[in-house]
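6 protein chains.
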Amino acid sequence: MRFAAFGEVMLRLSPPEYLLLDQTNELRMDYTGTGVNIMANLAQFGYETSLVTVLPENRLGQVAKSAIAKYGIKTDLLTFAHHHIGSYFAENGYGARPTQVTYQNRHHSSFGLSNQTAYDFEKVITSADLIQICGISLSLTDNTRDAAHALARKAAASGKKVCFDFNFRPSLNTEPNKLAFMKEQYEAILPYCDIVFGSVRDLTDLLQLEQTDTEDELILQFMETYQIDWFAGTKRFSEKTQKQQQGFLYSREEHVVSRKHELTILDRIGAGDAYAAGILTGYAESWHLKETVEFAAMNAVLAHTIHGDVPLTTKEQVLTILENPGIDLIR
Amino acid sequence: MRFAAFGEVMLRLSPPEYLLLDQTNELRMDYTGTGVNIMANLAQFGYETSLVTVLPENRLGQVAKSAIAKYGIKTDLLTFAHHHIGSYFAENGYGARPTQVTYQNRHHSSFGLSNQTAYDFEKVITSADLIQICGISLSLTDNTRDAAHALARKAAASGKKVCFDFNFRPSLNTEPNKLAFMKEQYEAILPYCDIVFGSVRDLTDLLQLEQTDTEDELILQFMETYQIDWFAGTKRFSEKTQKQQQGFLYSREEHVVSRKHELTILDRIGAGDAYAAGILTGYAESWHLKETVEFAAMNAVLAHTIHGDVPLTTKEQVLTILENPGIDLIR
Amino acid sequence: MRFAAFGEVMLRLSPPEYLLLDQTNELRMDYTGTGVNIMANLAQFGYETSLVTVLPENRLGQVAKSAIAKYGIKTDLLTFAHHHIGSYFAENGYGARPTQVTYQNRHHSSFGLSNQTAYDFEKVITSADLIQICGISLSLTDNTRDAAHALARKAAASGKKVCFDFNFRPSLNTEPNKLAFMKEQYEAILPYCDIVFGSVRDLTDLLQLEQTDTEDELILQFMETYQIDWFAGTKRFSEKTQKQQQGFLYSREEHVVSRKHELTILDRIGAGDAYAAGILTGYAESWHLKETVEFAAMNAVLAHTIHGDVPLTTKEQVLTILENPGIDLIR
Amino acid sequence: MRFAAFGEVMLRLSPPEYLLLDQTNELRMDYTGTGVNIMANLAQFGYETSLVTVLPENRLGQVAKSAIAKYGIKTDLLTFAHHHIGSYFAENGYGARPTQVTYQNRHHSSFGLSNQTAYDFEKVITSADLIQICGISLSLTDNTRDAAHALARKAAASGKKVCFDFNFRPSLNTEPNKLAFMKEQYEAILPYCDIVFGSVRDLTDLLQLEQTDTEDELILQFMETYQIDWFAGTKRFSEKTQKQQQGFLYSREEHVVSRKHELTILDRIGAGDAYAAGILTGYAESWHLKETVEFAAMNAVLAHTIHGDVPLTTKEQVLTILENPGIDLIR
Amino acid sequence: MRFAAFGEVMLRLSPPEYLLLDQTNELRMDYTGTGVNIMANLAQFGYETSLVTVLPENRLGQVAKSAIAKYGIKTDLLTFAHHHIGSYFAENGYGARPTQVTYQNRHHSSFGLSNQTAYDFEKVITSADLIQICGISLSLTDNTRDAAHALARKAAASGKKVCFDFNFRPSLNTEPNKLAFMKEQYEAILPYCDIVFGSVRDLTDLLQLEQTDTEDELILQFMETYQIDWFAGTKRFSEKTQKQQQGFLYSREEHVVSRKHELTILDRIGAGDAYAAGILTGYAESWHLKETVEFAAMNAVLAHTIHGDVPLTTKEQVLTILENPGIDLIR
Amino acid sequence: MRFAAFGEVMLRLSPPEYLLLDQTNELRMDYTGTGVNIMANLAQFGYETSLVTVLPENRLGQVAKSAIAKYGIKTDLLTFAHHHIGSYFAENGYGARPTQVTYQNRHHSSFGLSNQTAYDFEKVITSADLIQICGISLSLTDNTRDAAHALARKAAASGKKVCFDFNFRPSLNTEPNKLAFMKEQYEAILPYCDIVFGSVRDLTDLLQLEQTDTEDELILQFMETYQIDWFAGTKRFSEKTQKQQQGFLYSREEHVVSRKHELTILDRIGAGDAYAAGILTGYAESWHLKETVEFAAMNAVLAHTIHGDVPLTTKEQVLTILENPGIDLIR
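Protein sequence lines correspond, in order, to chains B, E, D, S, F and U. Just so you know, the numbering used here puts the end of the first sequence at 331, numbered straight through with nothing missing. Just so you know, the numbering used here puts the end of the second sequence at 1331, numbered straight through with nothing missing. Just so you know, the numbering used here puts the end of the third sequence at 2331, numbered straight through with nothing missing. Just so you know, the numbering used here puts the end of the fourth sequence at 3331, numbered straight through with nothing missing. Just so you know, the numbering used here puts the end of the fifth sequence at 4331, numbered straight through with nothing missing. Just so you know, the numbering used here puts the end of the sixth sequence at 5331, numbered straight through with nothing missing.
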């Protein structure tokens, strides 16, 4: 299965060794984003993957392209226009101190300024069997909204699979009527989607589905409504200072959960994308749901132990650790 | 409330990434000291703060001044004389391996060589409402002892609040008659003090107060003797390899303890100063004792998760974490 | 003399050791800008200096404030609004390879979005005897243009000295009618200015003054028209791969040039600001023109040998090197 | 007691801060190997130690020699020949992610190409009272096998103590008949050995000793057969994500175990060598078995908290921590 | 024009900031080699390029592949086998101190152990219009010699252009009869070559062509013999401590030299490959010889100012600097 | 010939990449001093060398010892007492900007507090054939003065060669009568010396020898007076921004100068010690004066191109560069 992702590439800047921005002049530069993260991970797993985005027409665009190629993602669907890349600063948390993310201008980025006319979606569709679209595009700008809808429609029309990630942040949508507007946007894209990542809260708070007796019922009803193949996500638990995580996965016939994992966290950003990449691998390989959810959950556990957003795990590594719990040295 | 602190500025040199001094040629340079730490933290909390000290009249003095200004501390009470700054090397511990501190010559530092004639204490007193004095000045040299006593006396005479930190290390005062001499020094300064940081051991071992039925009684008796407003400190507990900490705070009417916190330790030096800054904030804001001790205790917990001695927390951050326990990502 | 500067603070990001952005994940972060550079240098020279700008209301704004305080610049005229700081990436050149600067979005920065209503110019004027305004503000946005004009007018009305830096880049103003529009802007601000930094090209190409027999005549005519006290700038020469630089300085009575210096270049950005700081020092101290231009020229030579934009020279250092040419070790 | 070790020096290359090799261009270079590790630790403990190996006759050999001298190991038994040093890349694990070691060519290293004729074993024997030989030499090449056998024989013949470390990795010996061949090699060297480090599995799987009722019986039988003085090793336990370790030590009269320690792991490679150095210290000092095993076990615990393979603990440090459990700051 | 290169990928390890290997534990890791360097540079210039080589089947092979992809080189002609990559340590020189290169085992690398059966040369030939082969392959091992001859033969047979680089180092071929043997190897490959990089010394000392009146005559005779289209190379000159370089280029009709450039050297390794990439660009674009040689020479000048072996110049950058000599800042 | 040096070990702290102390938190730590530098260089040249000094009895003393061992210097003459090591901060200059050295307390260092009773000079004398004493010991403290005189006397009495380095800094000796006092000190030690490093200014300004017709005469007269074997030093010249250096060497029969070298300076501290090590090598090997002075001068040229004070050149390297002027790559 060949994959393509539509989404923003962001410049991540982080101080080293858990330092705060006031404590050092040194930053680590990485190129990330939901699309980059999932495609990079799937490329590590051996799949052909591409990224569909607009990068600035300057040194930063060139450097971002090199970074994407380094991850093994194909770069022939990239477009270059405008001069700005969205960026964020991540001050890594430690213990009780939370990770602090500070965004810089995303609305005027090359991606934010580009609508569907900036892309060759025909070529995208012939290059991939499954197309991943991140829900952030629906919130960002009119341009990105326009492009996301167009791509979902065209992909579905061509019989391609569409994978969609809710990625809805209520805190970013607090203006009056914004929620109603966003609800419409999500309702408009969901009919074209086959695999969806989200949470029960997305269904109740954003889509405002009516409460049912059980969560399972609610999810199944949602899946029926939009004819979704797979619905997946993760849950987090806290026991004192110890965080835990569990994955879930629904088809319309069956649903499963992974075992609960204790998390040791080096860098928590991007772990959700690792989970998504794991689920897509099971989908591509027609693995059983249970096998898929355990693979995805372990992949997410590992992503928490890797610096940066991009989950640089390999399929062999995930399987080895699933088979040898507690292994701490490979040579 | 405007704050000023009298105390030594030290150069801290630490290898990166938990390395030992034999393992690297690279050191991180920071300018610290009890006064710097508390004033920097209070400046982050939004207060006007100043530092009263003597720095070397050379490049190191200039660089120390820049570092102090960077923390938001006012630098107009700084004096420059002599050519040496006290320094210490900190090899950060990990797990069972303790942090190892190695001091370099402090007695001949610009601060150690300066007595009250080096300072303009009138200006200090008009610049601040509360003056913090660290007990280390009573142990260091005759000069620093002289300056500390003079400043406490003058501040009290002008109706300013004086905050004093015992900071007594028995291991540093093992010469014959040294304990008796130090007892006199502490007894001489305490009548001028309003807020005191210390422990029960300071009262029994150094001041040699008579045992009472309870610790509370002992502390209240001490507070009555010297007419202390607030007496505060922290206690540490160990459960296997897990360290815990709890703060306490006494007024002459009431006393409270904070909840017990599990510690995740990145760098333990300076956490006591964060606790002091938290208590002083409650004092400045006339918060309730309970509110104050919880704020101070959480501030100290966070200081354990920040590199270096200087607690770079903000008031909003401490309050956010108190209100959202377990939060691990802010964006 | 107390100085204040109005201008943008930018985030500069540079790879270490002459590496290209493709060659490393490591960046050095600095906070710079013409105003920062000149005020920082004057603060190093012992003057009271302030910065007048708008910083983002987030972690980056706080960190920028710390950086400014570290340079010894007063921070009480800073305002905080919006969420974006302009930034640029500098890939340091070496030999025949030029330094490559890539700007990121400056138009939507906190500074770019702020007009005169964002500032308390009354307070600015009472805080300083001379106010420095950078010509970039006239090109950036309508808001910054508005603020620059208002400040110049008010400062002149209060009898304060105004220092203005042309900083005009033809390549940034290539749209039709843009040059005519910019000419008007410059013509509108010059009547309020006392000290001006620029070049003959600014007078001929931007202001479109008529050619005269000599450059001297042209400059004097310009100075008469706008009643300018001092006009100053630098010229560059190349002899094979060796670059050279010379400063010039005009009063309405006299003009001087400095000796020609061979340049050894570590980082060429910010050297012009060092020259300006040197000239302003001579102005503040009422030095002779010749003394002033030699001081300023040597200060600029040294700025080429210091990393980053901010010239961290001291007055003693510049004078020592003027008096001991070729000195290569001070202890 | 003077010690000498025979074994390979390897170049270890590791990315900083838990990064993967794909994530950084920066590597940390260290010179390690079982012999280096044990001799360095014993030198830190105050003993005279030497290393017996062949290093490349080029810059890498010189640099390795400097590194060995820095550890306090004597370098006069080093030989220089050929041009290659064995190396390995270690990507440090974190939480569930195991440490990944990648070896580069060891067979053609200067050490691998050298047999007994490359060494002056007479001088080795007169320079040391106890000679440590690592079992890896029996697996590596015909040359190293030849040298190891010759050295053990000569040392025993001269009445020197021989310490031998099984270090057998079944996964490296999977060719047909390889196990039988290796069994012969081990059987040939054991008669010359006095102290042996290993596990029950070495006795059952490699030496193929017959099962007995208890492990103790098996070990004692093995010790009788080869007239071994001391047999020692460690066991690991896992309780959820928490690893634990315990040391054991057998003389032919008595056997003891250490208390079980919870491990906090910064770098797990080399901890076994720290355990060995601790046991050899007890042997050299004629400590009781119990005292020895506790010292060795704590030394191994500390080695897990130190970067790199080489355990840079001191005797005072180990004893201080044994006497003050939970101590986390020494000044 | 599509390019492919056949050659070894090496791991380059260099200490930072002109430090020696004894002075630091920190190394910079890069993946280089003549083939990598030329293909990376041509990819930067906008051409489709591929690398034909064998990488180790382990983490280092994966990381090397990522590095190659990052340069924009296609990775689908890469093969993975064996477990070792050739490496070298480069201690960068400064002033009178020469750069010191120390090679580690190249003969047993994955590339060194692979002969023509390891490759799919049919696919190589259909993927490229010009195939670059480095003369080092003729010296390295029997396997690489076998593969180089086979590829040259097959490429020529399919009408593809073959570019060959002498790269002959007499110092590496000092065994008796080695020169005669190498002469045969070069004579065997040259009939298949169209573009050749070398020097007059290669023709006289290695091929032992008879002296002629002029160098030009000798070169033309050589070109006639083997029906070479273009023969190119560079010459170095020294004037005191200032190094200079000049390029030359011969077709069978015409020959040209570039202007002489003064060199400012940051890292001299790889500059020859930049020159080759420049010449191949002129060949691909059918530029005039003079235009080609000036472009190539400036590209080589710039490569001296870039860290590492890989010339990360762009076509625009080279042309801009040719058109604006002395330019030192681009924004 | 076996060498020993008596002198202070200092901790050198320098910011990376020509940064100022205000610009970075990162420092490079090195252990240096005239004695360390010369002994390290002679150890690199293959001689047995020792250091005679007192180091602090703490972690810094241990780390200094490791650093000294790493240079190949024997550590068995080291003594440990007191708790302070002298240190200095070096901000590396660039172009016109001079290197700035800032000393921290040297008078109270372990070395400064130790007189002859701290050393076992008998052992020193039996361990070495030539003993190097640095003139700084005569200026530092009464203790170091006492030790230096005692050692010189005892060494001469035992027939050992004494090498003495003037190292007199007028600027450090400006108190009244200080010059007269220092003159006595130098006059007292010179009768025991065989090889002396210094300048004509040392003879005229410090020893106040009467002017003679020529410098040669003056030097010869000085050598006769004290029966000096060899007198050596260097001279510096400036031609615009280009520095040059030339070595001179006198025996009582003959005198020579080296060729004049253009200097490319990476780090100028320690170059004089490299010159001294070169001269001592010629003395040890009984080379001709001319051969010796050229070797020493080239060694000093190379020391300018190496970071830090310690000249890590090898004999082969110096000879190779003397024989191949302009060589810029060795492989």
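Even for Gly, the Cβ is constructed at its ideal location relative to N, Cα and C.
For a test of the three-state rule: what should DSSP assign to G2072(D), helix, strand or coil?
In the structure shown, G2072(D) sits in coil (DSSP, three-state: anything other than H, G, I, E or B).
Which residues, taken in chain order from the segment 4018 to 4038 of chain F, show a beta carbon closer than 9 Å to some beta carbon of chain S?
Residues L4020, L4021, D4022, T4024, N4025, E4026, L4027, R4028, M4029, D4030.
For K1161(E), count neighbouring C-beta atoms within 10 Å of its own C-beta (all shown protein chains included) and say buried if the count is 16 or more, exposed if not.
Buried.
Provide the residue span of the beta strand (DSSP E) that contains T4102(F), from first to last.
4099 to 4104 is the span of the beta strand (DSSP E), which, as asked, contains T4102(F).
Look at the Cβ atom of L2011(D), then the Cβ atom of M2039(D), and state whether they are nearer than 8 Å.
No. Outside cutoff.
Exposed or buried, what is N3058(S) when buried is set at 16 or more other beta-carbons lying within 10 Å of its beta-carbon?
It is buried - the Cβ of N3058(S) has at least 16 other Cβ atoms within 10 Å.
Taking only runs of the beta strand (DSSP E) that begin and end inside the segment 1167 to 1249 of chain E, which ones reach a length of at least 3 residues, in chain order?
The qualifying runs are 1195 to 1197, 1230 to 1239.
Please give the ranges of any beta strand (DSSP E) in the segment 2111 to 2157 of chain D, keeping only runs that are unbroken, at least 3 residues long and fully inside the region.
For the segment 2111 to 2157 of chain D, whole beta strand (DSSP E) runs of length 3 or above, ordered along the chain, are 2130 to 2134.
Please check if any C-beta of chain B sits within less than 8 Å of the C-beta of G3095(S).
For G3095(S), the answer is yes, since a Cβ of chain B falls inside 8 Å of its Cβ.
Which residues in chain E have a C-beta closer than 8 Å to the C-beta of S238(B)? List them in chain order.
The contacting residues are G1326.
Nearest to A1004(E) by CA position, among A1128(E), F1197(E), K1240(E), is which residue?
That would be A1128(E), whose Cα lies nearest to the Cα of A1004(E).
Consult DSSP for L5060(U) and reduce its assignment to one of helix, strand or coil.
Here L5060(U) sits in helix by DSSP.
State whether the segment 153 to 169 of chain B contacts the segment 119 to 137 of chain B, with contact taken as three or more CB pairs (one from each stretch) at a distance under 8 Å.
These segments touch.
To the nearest angstrom, how far is the alpha carbon of E291(B) from that of T4141(F)?
Their Cα atoms are separated by approximately 47 Å.
Identify, in the order they occur along the chain, each residue of the same chain with its Cβ nearer than 7 Å to the Cβ of H3149(S), setting aside the five sequence neighbours on each side.
The residues are A3188, I3189.
Let me check one thing: in DSSP terms, what residues is V4385(F) bridge-paired to?
As displayed, chain F neither begins before 4001 nor continues past 4331, which places residue 4385(F) out of reach and without an answer.
Please report the straight-line C-alpha distance between G3135(S) and V3196(S), rounded to a whole angstrom.
G3135(S) and V3196(S): Cα-Cα distance of roughly 10 Å.
Tell me which residues share the same chain as K1235(E) and place their Cβ nearer than 6 Å to its Cβ, disregarding the 5 neighbours each side in the sequence.
Around K1235(E): Q1246.
First and last residue of the beta strand (DSSP E) that includes A4090(F)?
Where A4090(F) is concerned, the enclosing beta strand (DSSP E) stretches over 4087 to 4091.
Suppose you measure from the CA of S5137(U) to the CA of T5049(U); what does that come to, to the nearest Å?
S5137(U) and T5049(U): Cα-Cα distance of roughly 20 Å.
Measure how close the beta-carbons of Y5094(U) and T2264(D) come, nearest whole angstrom, since I'm counting them as under 8 Å.
The pair is a contact, with the Cβ atoms about 6 Å apart (cut-off 8 Å).
For D4194(F) and D4229(F), which I take to be in contact (beta-carbon distance under 8 Å), what is that distance rounded to the nearest angstrom?
Rounded, the Cβ-Cβ distance is 5 Å, consistent with contact.
Just checking my contact of G4007(F) with T4032(F) at CB under 8 Å: how many whole Å lie between their CB atoms?
Rounded, the Cβ-Cβ distance is 10 Å, inconsistent with contact.
Evaluate E5184(U) with the Cβ neighbour count: other Cβ atoms within 10 Å of its Cβ, from every protein chain shown; 16 or more gives buried, anything less gives exposed.
It is exposed - the Cβ of E5184(U) has fewer than 16 other Cβ atoms within 10 Å.
Which bits of chain B does T3144(S) rub up against, with CB to CB less than 8 Å?
None at all; the shortest Cβ gap to chain B is about 19 Å.
Keeping to the same chain, check which residues put their C-beta closer than 8 Å to that of V3200(S); ignore five residues upstream and five downstream.
So the list reads E3215, L3218, I3219, once near-sequence residues are dropped.
Between which residues of its own chain and E3175(S) is the CB-CB distance below 7 Å, once the five residues before and five after are set aside?
Counting only Cβ-Cβ distances below 7 Å, and skipping sequence neighbours, we find nothing.
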